[in-house]
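Here is the structure we will look at, set down as structure tokens.
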Amino acid sequence: MLKINEIFHSIQGESTYAGRRCVFVRLTYCNLRCTYCDTEYAFYDGVDKSIETIIEEVKEFNCSLVEITGGEPLMQDESLELMKDLCDLNFEVMLETGGSLPIKSVDDRVKIVMDLKTPSSGMIKKNLYENINFIKKSDEIKFVIGSWEDYEWAKEIIEKYQLNKKCQILFSVVFSRLEPVTLSGWILKDKLDVIFQLQMHKYIWEHDKRGV
Numbered sequence: 001m002l003k004i005n006e007i008f009h010s011i012q013g014e015s016t017y018a019g020r021r022c023v024f025v026r027l028t029y030c031n032l033r034c035t036y037c038d039t040e041y042a043f044y045d046g047v048d049k050s051i052e053t054i055i056e057e058v059k060e061f062n063c064s065l066v067e068i069t070g071g072e073p074l075m076q077d078e079s080l081e082l083m084k085d086l087c088d089l090n091f092e093v094m095l096e097t098g099g100s101l102p103i104k105s106v107d108d109r110v111k112i113v114m115d116l117k118t119p120s121s122g123m124i125k126k127n128l129y130e131n132i133n134f135i136k137k138s139d140e141i142k143f144v145i146g147s148w149e150d151y152e153w154a155k156e157i158i159e160k161y162q163l164n165k166k167c168q169i170l171f172s173v174v175f176s177r178l179e180p181v182t183l184s185g186w187i188l189k190d191k192l193d194v195i196f197q198l199q200m201h202k203y204i205w206e207h208d209k210r211g212v
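Using UniProt numbering, read the sequence shown as starting at 1 and increasing by one per residue.
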């Protein structure tokens, strides 16, 4: 059984899959407490569901793309089986993870979008850097930037771990804390080989609306 916070159908707002229809399976629980968290409601609230029930709900949306998110999905061991079973059914599966728990057991068919927590998140000490060794070329590493300090730190980490040679790098702003035009300007000035992204769903709907 998995504790599920919500399952919903929306437009993928982040990653290189932004703009696509996607079914989101949001798991309950998180081991992090980021200062800018926009899903605190997933810390504890949820309903126990079997993998079979979850898959049946996902199928109802007739959508090939499924994202497993949270919270932190990897806090629940059965999330690994859920992702494998979805892949076996030919779904395109994404995992959104905070980067503080091991990813080495995640099915190779899953596209991992992994955060590396920046200083302003308050969770920088939770980064599990050994995860970088298990990142595939098809995966993505995301930095959520809330300040100049975050930006400079992210550049240092990219260089230190040669992240551009491993996978796509995403830079996103902390909503309402850093203006998109500011981060865009920094990226252009430094000619960084990163993908700038906005949380598209926060511009389509109200920024704090659930189930989108």
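Ideal Cβ placement from N, Cα and C applies to all residues, glycine included.
Counting only residues of its own chain and dropping the five nearest sequence neighbours on each side, K104 has a CB closer than 6 Å to the CB of F134. Residue environment analysis places T35 among the exposed positions, since fewer than 16 neighbouring C-beta atoms fall within 10 angstroms of its C-beta. For F175, the closest of E67, I145, P102, V58 by C-alpha to C-alpha distance is I145.
Taking all protein chains shown into account, L32 has 16 or more neighbouring C-beta atoms within 10 Å of its C-beta and is therefore buried. The C-beta distance from E81 to I112 rounds to 16 Å, too long to meet the 8 Å contact threshold. In this structure, DSSP gives K49 an extended state, which the three-state scheme calls strand. Scanning its chain for C-beta atoms nearer than 6 Å, with the 5 sequence neighbours on each side dropped, one finds around R21 the residues C63, in chain order. Straight-line spacing of the CA atoms in S15 and G70 works out to 16 Å.
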